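Heads up: the structure comes next, in structure tokens.
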Amino acid sequence: MLFPGFALESTVGVPVDAFTIDEDVILRTVVEAASDYDGWARISTIGRLLTKSCPDFGSRTYGYQKLSDLIAASPLFETTRRSLPNDFTEIFVRDKRREPEE
Numbered sequence: 051m052l053f054p055g056f057a058l059e060s061t062v063g064v065p066v067d068a069f070t071i072d073e074d075v076i077l078r079t080v081v082e083a084a085s086d087y088d089g090w091a092r093i094s095t096i097g098r099l100l101t102k103s104c105p106d107f108g109s110r111t112y113g114y115q116k117l118s119d120l121i122a123a124s125p126l127f128e129t130t131r132r133s134l135p136n137d138f139t140e141i142f143v144r145d146k147r148r149e150p151e152e
């Protein structure tokens, strides 16, 4: 489960406490597929891969407006914001199980 130990509420107030697919595995697989050598992946790339590999997956199902909000609330991942050229900021995500390269 994405959030063991408690149920989330969707945006329509229906408790979401049972998943039909293993979201942990899906999210971790997509983050790994999108990640660079340090394990960091752009949230935009994660979103595109999720749409392709699991079109029924949606952050709103779990009560979050955006994928970045869902990922940030999950204990599975760490996030950081990086400034990119042209004054653009991107959110990067990494699986917490991944050890940083030394």
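Taking the numbering used here, the leading residue of the sequence shown gets 51, the next gets one more, and so forth.
Using N, Cα and C, we set each Cβ at its ideal position, and we do this for glycine too.
The structure displayed is predicted, hence computed values, not measured ones.
Alpha-carbon to alpha-carbon, residue j and residue i
i: Arg131; j: Ser85; result: 15 Å
i: Arg144; j: Phe127; result: 6 Å
i: Gln115; j: Ser94; result: 15 Å
i: Leu77; j: Asp88; result: 17 Å
i: Ile71; j: Phe107; result: Legend: pLDDT at Ile71 = 45, less than 50; position of this residue unreliable, value from coordinates given subsequently. Their backbone Cα atoms lie some 9 Å apart in a straight line.
i: Asp137; j: Lys146; result: 28 Å
Under 8 Å between C-beta atoms of residue i and residue j
i: Ala91; j: Val75; result: no
i: Leu117; j: Ser109; result: yes
Integer-rounded CB distance, given that residue j should sit under 8 Å from residue i
i: Tyr112; j: Leu120; result: 6 Å
Where the alpha helix (DSSP H) containing residue i begins and where it ends
i: Leu77; result: 73-84
i: Asp119; result: 117-123
Segment limits, beta strand (DSSP E) that includes residue i
i: Ser133; result: 127-134
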